[in-house]
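Undergrad:
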Amino acid sequence: MRIRVTVAAVTGALALSAFAVPAAQAVDGSSYRAEAAAALGHAASGRAAFGATTAADLDVSFSNFKIAKAVKVGTTNHVSTTVTYTLTHGADLDIHSDDFDNGPFIYKGSLDDAEGPDNALFGDAPASCTATSATTASCKGLIDVYPGEDGMLFNSDAGSWKGGGLAVIYSTDDTAVQGDLGKTLVQRNSKLTVNASPEPVTKGKTITVTGKLSRANWETHKYAGYTNQPVKLQFRKKGTSTYTTLKTITSNSTGNLSTTVKATADGYFRYSFAGTSTTPAVSAAGDFVDVR
0 MRIRVTVAAV TGALALSAFA VPAAQAVDGS SYRAEAAAAL GHAASGRAAF GATTAADLDV
60 SFSNFKIAKA VKVGTTNHVS TTVTYTLTHG ADLDIHSDDF DNGPFIYKGS LDDAEGPDNA
120 LFGDAPASCT ATSATTASCK GLIDVYPGED GMLFNSDAGS WKGGGLAVIY STDDTAVQGD
180 LGKTLVQRNS KLTVNASPEP VTKGKTITVT GKLSRANWET HKYAGYTNQP VKLQFRKKGT
240 STYTTLKTIT SNSTGNLSTT VKATADGYFR YSFAGTSTTP AVSAAGDFVD VR
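Residue numbers for the sequence shown follow my numbering, so the first one is 0 and each next one is one higher.
#1: Would you please state the rounded distance, in angstroms, between the beta carbons of residue 64 and residue 224? I believe it to be under 8 Å.
#2: Compute the Euclidean distance between the alpha carbons of residue 254 and residue 260, then round it to the nearest angstrom.
#3: Taking the beta carbon of residue 174 as the centre, do at least 16 other beta carbons fall within 10 Å, making it buried, or is it exposed?
#4: Of the residues 94, 140, 157, 71, which one's Cα is nearest the Cα of residue 321?
#5: Helix, strand or coil: how does DSSP classify residue 155 here?
#6: What are the uninterrupted segments assigned as beta strand (DSSP E) that are 3 or more residues long and contained completely in the region 112-181, given in chain order?
#7: Looking only at its own chain, which residues have a Cβ that is under 8 Å from the Cβ of residue 291, when we skip the five neighbours before and after it?
#8: Can the beta-carbon of residue 57 be found less than 9 Å from the beta-carbon of residue 130?
#9: What's the gap between the Cα of residue 288 and the Cα of residue 135?
#10: Rounded to whole angstroms, what is the Cα-Cα separation between residue 94 and residue 172?
#11: Taking 9 Å as the threshold (C-beta atoms), are residue 120 and residue 217 in contact?
#12: Between which two residues does the beta strand (DSSP E) containing residue 103 stretch?
#13: For residue 189, count neighbouring Cβ atoms within 10 angstroms of its own Cβ and tell me buried if that reaches 16, exposed if not.
#14: Per DSSP, residue 234 forms a beta bridge with which residues?
#15: Looking at the strands, I want to know which residues DSSP matches up with residue 214.
#16: Name the two residues that bound the continuous beta strand (DSSP E) containing residue 72.
#17: Let me check understanding here. Comparing Cα to Cα, which of 150, 85, 99 lies closest to residue 91?
#18: When the distance is taken between beta carbons, is residue 280 closer than 9 Å to residue 269?
#19: Using the rule of at least 16 other Cβ atoms within 10 Å of the residue's Cβ for burial, across every protein chain shown, is residue 272 buried or exposed?
#20: For residue 147, count neighbouring Cβ atoms within 10 angstroms of its own Cβ and tell me buried if that reaches 16, exposed if not.
#21: Using three-state DSSP, classify residue 66 as helix, strand or coil.
#22: Who pairs with residue 286 in a beta bridge, going by DSSP?
#23: Do the CB positions of residue 67 and residue 102 come within less than 9 Å of each other?
#24: Per the DSSP calculation, residue 88 is bridged to which residue(s)?
#25: Between residue 246 and residue 232, which are expected to be in contact by the criterion C-beta below 8 Å, what is the C-beta distance as a whole number of angstroms?
#26: Compute the distance between the beta-carbons of residue 86 and residue 178, then report whether it is under 9 Å.
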């Protein structure tokens, strides 16, 4: 649904009362986002309470929620990640009816807070479900992220998110939300560069290795230096396939890296960053140095 979400009220741990969904995001009258905007919130009318119920009250529940361990999000490009889960429902509910949709979402914060979660991300389309019995279905949906859209993600959103499932019956204006189904990391994508010089170099002379560790800034939509982070300088001798760590240095106040080593043999230098909960691991492509 490509939104930043606010929630007016929560009825128990499983229910959301209302989402703020800009209607302008609808692609056409039959799109999931347009229908979800109508079903999940009335942003233009002050986010009035919508009569959401718990998942149990709507006679649906979600289980076996599976999502990637991490979702790496840059500054502009659309990112999507697949979610699979089991939908359990009442025997009288036609899950393939035009009146019913369901799909996964992820959220930052807690559904138990009076003001709802800090943020939530949905898919552009409802999940696709295949019945496995009269009351269960195997479902697959996407979480779609558009970091180039202002307000979708703030830098403070990086880190741990929880998974949830949403069901909507349009004719009765009922929605049901179940949270705490799984976990994933939404991370600010990282970049790492390296340059070793001089090239070529005499054996025993000093090689200076520079580089920069940067990560996505979701508020400026640009990459910026990731400061005060431990980064390993590694070397792979020509003709081998394994990198060996020579030393660990710390990125400076602008994310820049610089250190020196003695030239010993032809090979490749690279920097390698182990990652954090907010930023994924990354290694630079090796820079070859000819030692003579």
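Every residue, glycine too, gets a C-beta built ideally from N, C-alpha and C.
TA: In short:
#1: At roughly 36 Å, the Cβ-Cβ gap does not stay under 8 Å, so residue 64 and residue 224 are not in contact.
#2: 20 Å
#3: Under this definition residue 174 is a buried residue.
#4: Residue numbering for the chain in the displayed model covers 0 to 291; residue 321 lies beyond these limits and cannot be assessed.
#5: helix
#6: 118-120, 127-130, 135-144, 158-168
#7: 199, 200, 201, 202
#8: no
#9: Distance from the CA of residue 288 to the CA of residue 135, rounded to the nearest whole angstrom, comes to 60 Å.
#10: Whole-angstrom Cα-Cα distance: 16 Å.
#11: The beta carbons of residue 217 and residue 120 sit no closer together than 9 Å.
#12: 99-107
#13: buried
#14: 243, 268
#15: 189, 223
#16: 69-72
#17: 99
#18: no
#19: Flag for residue 272 reads buried.
#20: exposed
#21: Looking at residue 66 - three-state DSSP - the assignment turns out to be strand.
#22: Beta-bridge pairing by DSSP links residue 286 to 268.
#23: Contact flag unset, no.
#24: 59
#25: 5 Å
#26: No, these two residues do not count as a Cβ contact at 9 Å.
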